[in-house]
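Residue numbers (our numbering), protein chains in the order written: chain A, 2 to 587; chain B, 2 to 587; chain C, 117 to 406; chain D, 117 to 406. All remarks here apply to the structure that follows.
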Amino acid sequence: MTNADFNWKVGGAQGEGIDSTGEIFALTLHRMGYYVYTYRHFMSLIKGGHTNYKVRISPVQRRHRGDGLDLLVAFDQGSIDFSLPEMSPGSAIIYDSTSFEGRIPEGRNITLIPIPLTQMARDLGMVIMKNMVAIGASAALVGLPQDAFEGYLEERFGKKGDAVVETNRKVLAAGYNYALEHTDWRKPLPGLPEASKGKKRLFMHGNDAVALGAVVAGCRVVAAYPITPATEILYSVLKLLPKYGGVVLQAEDEIAACQMAIGANYAGVRAMTSTSGPGLSLMSESLGLSGASETPLVIVDVMRAGPSTGMPTKTEQADAFHAIYSAHGEIQRIVLAPSTVEDAFYDMQRAFNLADKYQVPVIVLVDLVLGLSKQTVDLEDIDFERIAIDRGKLLTTKDEVDAVVARLGHYKRYELTEDGISARALPGLEDAVHMVLSYEHDEEGNEMEERGMRVKQTRKRFNKMRSLNMDEWALRRTGPQNPDLLLVGWGSTEGQLEEAREQLTAGGLKVAHLQVGALYPLPAAAIRKEIEAAGKVLVFENNYEGQLLELIKQKVGHYDKVQASLKFDGDPFYVSEVVAMVKEVA
Amino acid sequence: MTNADFNWKVGGAQGEGIDSTGEIFALTLHRMGYYVYTYRHFMSLIKGGHTNYKVRISPVQRRHRGDGLDLLVAFDQGSIDFSLPEMSPGSAIIYDSTSFEGRIPEGRNITLIPIPLTQMARDLGMVIMKNMVAIGASAALVGLPQDAFEGYLEERFGKKGDAVVETNRKVLAAGYNYALEHTDWRKPLPGLPEASKGKKRLFMHGNDAVALGAVVAGCRVVAAYPITPATEILYSVLKLLPKYGGVVLQAEDEIAACQMAIGANYAGVRAMTSTSGPGLSLMSESLGLSGASETPLVIVDVMRAGPSTGMPTKTEQADAFHAIYSAHGEIQRIVLAPSTVEDAFYDMQRAFNLADKYQVPVIVLVDLVLGLSKQTVDLEDIDFERIAIDRGKLLTTKDEVDAVVARLGHYKRYELTEDGISARALPGLEDAVHMVLSYEHDEEGNEMEERGMRVKQTRKRFNKMRSLNMDEWALRRTGPQNPDLLLVGWGSTEGQLEEAREQLTAGGLKVAHLQVGALYPLPAAAIRKEIEAAGKVLVFENNYEGQLLELIKQKVGHYDKVQASLKFDGDPFYVSEVVAMVKEVA
Amino acid sequence: MAVNLVTEYKEHAQSSTWCPGCGDFAVVAAMQKALAALELPPHQVVAVTGIGCSGKFNYYLGANGFNSLHGRSLPVAQAIKIANRDLTVIAAGGDGDGYGIGIGHFLHAVRRNVDITYVVMDNHIYGLTTGQTSPTSKKGFVTKTTPYGAAEYPIRPLELALAGGAGFVAQGFSGDPKQLAEIMKQAVQHKGFSLINVYSPCVTFNHEETYEWWRQNLVNLDQEQGYDATDRTAAFRYVYEHNGLLRGVIFREERRDYQSELPGYAAEALVRQDLSQPVKDRAELLAAFM
Amino acid sequence: MAVNLVTEYKEHAQSSTWCPGCGDFAVVAAMQKALAALELPPHQVVAVTGIGCSGKFNYYLGANGFNSLHGRSLPVAQAIKIANRDLTVIAAGGDGDGYGIGIGHFLHAVRRNVDITYVVMDNHIYGLTTGQTSPTSKKGFVTKTTPYGAAEYPIRPLELALAGGAGFVAQGFSGDPKQLAEIMKQAVQHKGFSLINVYSPCVTFNHEETYEWWRQNLVNLDQEQGYDATDRTAAFRYVYEHNGLLRGVIFREERRDYQSELPGYAAEALVRQDLSQPVKDRAELLAAFM
Ligand SMILES: Cc1ncc(C[n+]2csc(CCOP(=O)(O)OP(=O)(O)O)c2C)c(N)n1
Ligand SMILES: Cc1ncc(C[n+]2csc(CCOP(=O)(O)OP(=O)(O)O)c2C)c(N)n1
Ligand code: SF4
Ligand code: SF4
Ligand SMILES: [Mg+2]
Ligand SMILES: [Mg+2]
């Protein structure tokens with residue numbers, strides 16, 4: 002299966018245009034009808050430092066970067082060294098022979114292909130076009146026609162005039178021909194089923210999906226402060242929102258951003274903030290405010306490697322504890338954890354609906370890999386028909402207010418109800434003048450410390466979530482019932498775990514895979530059933546503490562058969578690592 | 002036992018001098034040789050609103066306010082209504098008949114004693130002296146000599162001149178005599194053993210103990226932002242620190258306060274911040290910074306009722322989750338939870354020593370009741386001889402640096418060592434120029450993202466706490482082994498649980514009591530042993546979620562026999578409530 | 117009409133827990149008068165506060181209220197206005213709230229220039245927490261946290277607002293509620309961010325800056341002939357030279373407010389827009405990701 | 117001596133990851149020169165930074181360094197100075213770090229007046245996060261987060277520092293490292309808080325305010341005859357009228373620094389005091405609680 006895929010990568014120094022080169026390659030193959038999955042390795046600095054962009058090309062949908070590497074374009078020796086562990090047997094490296102002489106260790110079955118990328122670019126156009134030479138050369142060796150990138154060249158450079166398009170075309174062709182002439186290494190791309198050819202699909206990452214999902218779910222105010230790797234959400238939202246009168250507020254800091262999201266939600270507009278760990282740490286008091294005042298709030302946290310400033314461009318799944326437990330005192334909240342781009346899209350709707358319905362903060366945890374890996378998504382999987390906006394008990398008209406007044410005598414923001422949810426009136430409605438507040442309060446929103454009412458309001462705040470059953474939808478499961486081994490994961494690990502499951506199954510093991518899509522409330526009953534039916538359970542996480550496993554211990558129970566399989570070096574799992582971890586215990 | 006004690010209370014409107022009246026009464030009895038325990042009921046507003054001050058007077062040491070009430074001084078009907086549930090059979094209420102006519106429900110065995118407190122004060126001095134009338138009257142009815150308050154009057158009013166002292170004396174005497182003449186209700190204070198009479202003891206609350214403990218432990222910088230109920234720590238520290246050149250910094254907010262504490266610790270001075278929940282919520286990013294940069298930090302959180310602004314003057318034990326889990330990413334930390342004033346004193350030393358030794362943040366959780374209840378403490382229980390300052394691996398001299406340089410070639414702030422702890426050099430030392438940082442880093446403190454070193458530094462940060470064994474000292478236990486029932490608590494509940502245990506034991510139950518003094522790392526092994534040896538376990542907490550119980554579930558295990566007994570109305574447990582909760586299940 | 121409206125505000129108000137004589141009473145009353153004069157009924161007004169005695173402003177105003185967190189009234193208030201431009205939004209709080217913990221939000225609100233009014237009840241003390249030094253306490257001021265006198269120089273809110281680029285800067289005094297109400301009227305009408313710093317005595321914890329003291333020391337700009345409230349640097353100099361002891365409108369200037377700068381920001385309040393439109397625009401939206 | 121010291125600084129410095137041509141190189145070099153000129157060796161200096169390209173200042177300075185959090189350099193720096201008065205403490209960071217998220221700490225540091233020097237590398241952009249609007253970006257500035265132009269008015273750091281009461285306010289330009297080093301020398305010597313705002317071009321993300329642009333638009337105060345750097349309100353007017361486009365020392369005034377106001381603050385650094393003294397004072401300490 003993995004063999005059918007093709008893994009390509011370009012690596013060099015930050016500032017050399019590595020990202021756009023990778024994206025040209027990926028986008029073109031995507032438009033041809035392949036499923037592509039991209040992975041960016043980059044650093045928290047602007048120029049210098051190693052960066053690379055990997056593209057996995059497959060006739061079927063893939064959810065991770067792939068273990069092997071078939072063709073590497075290297076602009077420096079560092080890029081070769083960095084990617085050597087990934088190189089598959091029989092793979093090749095195109096390197097820029099203008100700037101260095103590529104070296105690989107003895108005994109590796111890898112073909113070195115020197116091409117004077119810089120020289121050719123300089124001769125035919127300008128140095129930065131070495132990327133186009135490399136793309137041309139790559140195209141030739143993987144069996145693409147020379148005009149494969151034609152469309153893209155027009156689109157990208159058309160505005161700059163025909164000459165620019167022409168130069169790029171020439172440079173690309175030169176690379177193409179040079180490669181064909183100077184090496185006989187070839188490895189064709191996997192075949193493309195007829196039905197796929199040129200099929201319209203989406204090319205987006207989790208951050209795009211968050212932005213799209215939010216806008217489609219009715220979000221109209223996004224207040225945020227720039228931070229890697231969450232800023233892309235702002236970029237996407239900036240493209241989508243103004244058409245709907247929506248506002249993107251760049252706040253002075255994350256505290257303000259989150260308070261703004263609360264303010265806008267209070268005023269009746271769906272609003273969110275997006276951030277990464279350091280920003281989330283600044284939002285604890287806002288969580289408390291949202292919880293105590295029962296004002297909806299949606300926070301998207303694109304998790305990078307901590308602690309503290311940590312490794313801003315590296316992935317991790319270590320903000321779960323903070324998302325679930327931070328804020329002094331006690332509030333209810335909901336924590337979702339999408340595993341795929343599609344999940345991210347739908348979870349935004351879920352987040353806004355849940356926030357409105359339960360009048361609580363909802364945190365959506367997206368790991369960096371999911372947030373930043375652009376990939377092919379089927380059009381039908383981003384189904385707007387599945388979007389239903391449910392604003393819960395929201396009074397938006399005078400008539401609705403009148404009905405309440407008829408029933409209660411006057412409007413009570415914190416009415417003690419059966420289900421614990423009190424109707425929220427939009428400020429601005431006659432006869433619904435009211436207070437919301439961060440202090441403990443009575444039904445009318447008067448600050449108070451009376452013991453009986455305190456107990457009732459606390460119970461109400463907790464009871465209102467009783468009707469929320471995560472067990473029903475927050476798990477995705479594959480594989481046989483009563484497996485000998487159950488692989489459990491959350492976030493972007495789904496792709497690797499799924500491929501590992503397939504490999505292990507092929508190897509004769511009875512393996513199932515459970516992906517957990519909500520961390521709080523944890524779908525504990527459903528997880529318990531799965532654990533109890535399994536022989537052995539491994540929980541895969543990109544963190545040190547095994548945060549999901551700790552939650553399972555807390556909410557489900559302690560089982561000797563459940564173990565953590567952790568990776569916390571900032572790099573996502575490879576399938577081979579998953580398999581090796583399984584073999585260690587199975 | 003409880004019968005031997007005497008419970009007195011004064012209640013009225015905020016702004017009427019209730020607190021100082023209570024304190025005069027308490028302090029005088031304290032100085033006579035009684036053990037007093039005081040409890041303040043107050044509100045988050047300045048004037049108006051009900052407030053009261055209760056004093057429990059006992060020949061033996063007490064750790065809570067007591068269930069009953071023997072004599073109430075009421076300045077308004079609200080004070081009577083508020084305290085009625087507490088009134089013991091045969092008790093009495095002195096009320097200010099100048100302003101209202103006191104009422105109690107039919108059938109209660111309580112004596113109403115009208116005294117024109119305001120009128121008498123006005124006639125003999127000024128209205129505010131009604132408090133002195135009340136104190137005089139109280140003294141008479143509990144069998145104190147008329148000159149019992151003599152010393153205090155001198156001390157307090159001496160500076161204002163003899164006339165003032167004299168007026169107060171007169172007013173007090175008038176109250177004394179009026180009471181003797183107009184009622185025959187009497188209830189004498191419990192007898193005082195000869196040895197106790199006039200014995201020098203301390204009168205302090207947990208916040209005082211925190212301040213004293215910190216200064217004695219070597220703390221020289223306290224940076225904080227005012228907040229109820231933690232500000233008293235600042236007041237105490239302001240009395241103690243300047244003598245030692247220490248600095249109290251009123252920061253612009255809690256973020257700055259905590260960062261300042263980190264900065265001073267980095268520079269080599271023991272420093273802390275003190276706050277309450279809302280402030281703690283603002284310190285999550287600082288926890289991360291302390292953890293990642295391995296800079297010691299001590300935070301004292303005096304817990305008030307949340308969530309959010311909540312009920313600032315009410316008690317709660319609901320910041321444990323935040324203290325343990327907040328901050329994105331993963332760091333190590335230590336969370337202590339003193340139960341008594343003495344604990345608070347010693348825990349500050351422990352906190353500073355642990356912070357220095359493990360180079361981590363240490364959070365000390367003090368609940369409002371412990372923080373604000375002034376009480377009698379035996380002199381020998383605040384034993385300075387037990388204070389030993391241990392700064393851990395701190396390089397403070399050129400010689401020490403030279404030794405490191407000789408060993409390593411140059412000083413490495415984040416050296417990978419056996420025990421995970423790297424020597425910390427004071428900035429300012431020659432040949433120890435170094436960087437500390439919030440980014441992931443190598444041994445020298447260079448920012449980096451290299452996977453191998455990342456893993457090593459993460460492991461180092463976690464492994465360094467392996468040598469810390471909380472099981473050894475973090476539990477206090479009373480009662481028989483293998484009890485039928487184990488009462489578990491943390492924080493200020495110790496007094497009530499202990500008295501409940503005594504009552505239940507007297508009732509024939511085999512009960513033990515376990516008080517948990519550290520929440521993270523949780524002394525899990527020791528707790529497991531206790532749980533396994535007990536028939537039934539009740540965990541008493543002033544919160545809704547049962548935070549300690551959740552921690553036990555996470556770190557120890559799930560046991561059907563372990564249950565939560567929770568109170569979350571802002572009011573501490575009464576012994577009778579504890580006993581009733583026990584009876585519900587036993 | 118206006119009189120009835122004041123009554124309407126009062127009907128919605130909670131009963132007060134402020135100390136008798138507190139300057140904040142006059143601030144609330146002046147605001148009720150100003151809003152009534154502008155014919156703005158309570159349900160069209162939202163008052164957002166932080167935490168402090170002054171943070172209870174909205175409990176007693178009788179409009180819609182959001183009592184947020186200490187120092188955080190402004191972000192909440194700005195977002196409310198953006199979400200529903202039809203509401204009149206007032207932010208209010210104390211000197212500690214606004215110039216201590218909240219000063220960052222204050223300066224950014226100034227430069228963002230969302231159309232809201234910010235009222236600071238400046239009593240040079242932390243009232244609610246029973247008397248600690250505030251950022252506007254004068255140097256050497258003795259309080260519970262500064263028994264040896266405050267070591268810091270005080271914040272100068274008017275100068276900061278001027279330096280920060282505020283379009284409307286005024287100062288009032290609780291001892292002259294009539295002038296205060298008039299200032300408030302103008303501030304609410306001003307399009308963009310407006311600041312009113314109000315010297316509002318804390319009768320319980322600040323025994324130095326009393327009504328009497330202020331009365332004797334404040335220069336009333338309404339009576340200063342020739343004061344030019346349209347020259348920013350002149351205003352700065354005037355305020356500085358008078359050590360801030362002025363009352364009246366210090367500075368005003370028309371500038372486009374934040375909302376006017378937003379692309380796509382509609383005349384109809386955001387809160388009333390149709391949320392389902394994007395579903396209809398599916399093809400167009402998805403085209404951005406192909 | 118001075119030359120050797122510069123070398124010593126360079127020896128301790130990490131190798132740089134700044135873009136070639138970044139203005140921040142000159143800032144570090146100027147600081148090394150200034151410190152060397154003052155005969156301050158690296159081990160006696162601590163540089164505290166926030167997060168940003170400019171936050172790497174201390175990696176390359178070669179003194180002791182604390183790379184704290186985004187926006188939080190100043191609280192850390194002030195506390196270090198208070199804990200060890202013998203250290204020379206420099207805080208440094210970017211415009212986003214210092215005037216965006218950190219502006220509250222900035223203004224409070226100004227009024228607290230602890231004896232530290234604060235260097236802001238002001239490039240009118242968020243560099244490290246690859247080019248978003250910063251609080252000093254001019255109105256209408258087009259960046260990734262403001263494709264339609266920034267809607268806010270920019271922060272004016274010099275005016276704010278003046279309004280906030282700073283005792284030393286200066287502005288430098290990376291294109292004139294000599295002047296910058298001289299300013300830095302004076303700032304470090306100034307007793308109390310000193311601000312140096314440095315126009316330090318981001319060659320990668322700000323293509324409008326380039327070296328060339330600055331060179332053409334900045335007025336050099338060293339060459340302005342008669343400029344009086346001791347009159348606060350005049351300086352304010354001057355800066356305002358020049359739209360901040362000045363370089364040189366803008367304002368200076370002697371004022372007692374924070375430490376001088378502290379009761380009991382000793383001449384000997386706090387970090388070197390005997391911690392065990394209180395144990396000996398037991399009776400006296402306990403007397404406060406009897
Ligand atoms: C984050 C946080 N820190 C501290 C507090 C405690 N607190 C409440 S009000 C207040 C100061 C109030 O002073 P000011 O803003 O001047 O208002 P005033 O009471 O004087 O009107 C403080 C410190 C809090 N509620 N939240
Ligand atoms: C709390 C927090 N929010 C956001 C970030 C992301 N971040 C890092 S640097 C930076 C802005 C840097 O801009 P500036 O301070 O101007 O420095 P420059 O890079 O331009 O020198 C941001 C937003 C962070 N590290 N921490
Ligand atoms: S304490 Fe001061 S500010 Fe607060 S209500 Fe009383 S007088 Fe007003
Ligand atoms: S991005 Fe800009 S500020 Fe950052 S290093 Fe490059 S030039 Fe300097
Ligand atoms: Mg105040
Ligand atoms: Mg910048």
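Think of the CB as a built atom: it goes at the ideal place given N, C-alpha and C, for glycine as much as any other residue.
- Taking CB atoms only, T459/B has a neighbour in chain A less than 8 Å away.
- Selection Q194/D, F141/D, R372/D and L151/D evaluated against Y315/D yields F141/D as nearest (Cα-Cα).
- Residue pairing by DSSP places A14/A opposite H51/A in a beta bridge.
- Nearest neighbour of R187/A by Cα position, chosen from A141/A, R170/A and N208/A, turns out to be A141/A.
- Under the 10 Å beta carbon count, D202/C is surrounded by fewer than 16 other beta carbons and is classified as exposed.
- Rounded to whole angstroms, the Cβ separation of V248/A and L391/C is 15 Å, and the two are not in contact under 8 Å.
- Around L378/D, the beta-carbon contacts reaching into chain C at under 9 Å are Y264 and A267.
- For the segment 195-211 of chain C, the residues whose beta carbon sits under 7 Å from a beta carbon of chain A are, in order, A195, I196, I198, A199, N200, D202 and L203.
- Within chain A, not a single residue places a beta-carbon under 7 Å from that of Y176/D; the smallest gap is close to 12 Å.
- For T320/D, the C-beta contacts it makes with chain A under 9 Å involve G16, I47 and K48, in order along the chain.
- At a beta-carbon threshold of 7 Å, the residues of chain D lying near D209/B are F405, ordered along the chain.
- Nearest in C-alpha terms to L486/A, of all of N132/A, L125/A, F76/A and T506/A, is T506/A.
- Only residues of its own chain outside the window of five on either side were considered, and among them S45, R305, A306 and G571 have a CB closer than 8 Å to the CB of M312/A, listed in chain order.
- Note on geometry: alpha-carbon atoms of R414/A and M436/A lie some 7 Å from one another.
- Here the alpha carbon of V61/A sits roughly 16 Å from the alpha carbon of D68/A.
- The contact set of F352/D on chain C, defined by CB atoms closer than 7 Å, consists of T349 and F352 in chain order.
- For N183/D, DSSP records a beta bridge to L438/B and T165/D.
- Per DSSP, reduced to three states, the secondary structure at W134/C is coil, with no helix or strand assignment.
- Exclusion of T310/B from the 7 Å shell around ligand 3 follows from its C-beta lying no nearer than that to any non-hydrogen atom of the ligand.
- Within the segment 303-316 of chain B, the residues whose Cβ lies closer than 9 Å to any Cβ of chain A are, in chain order, M304, R305, A306, G307, P308, S309, T310, G311, M312, P313, T314 and K315.
- In this structure, A345/A lies away from L549/A, with their beta-carbon atoms at least 8 Å apart.
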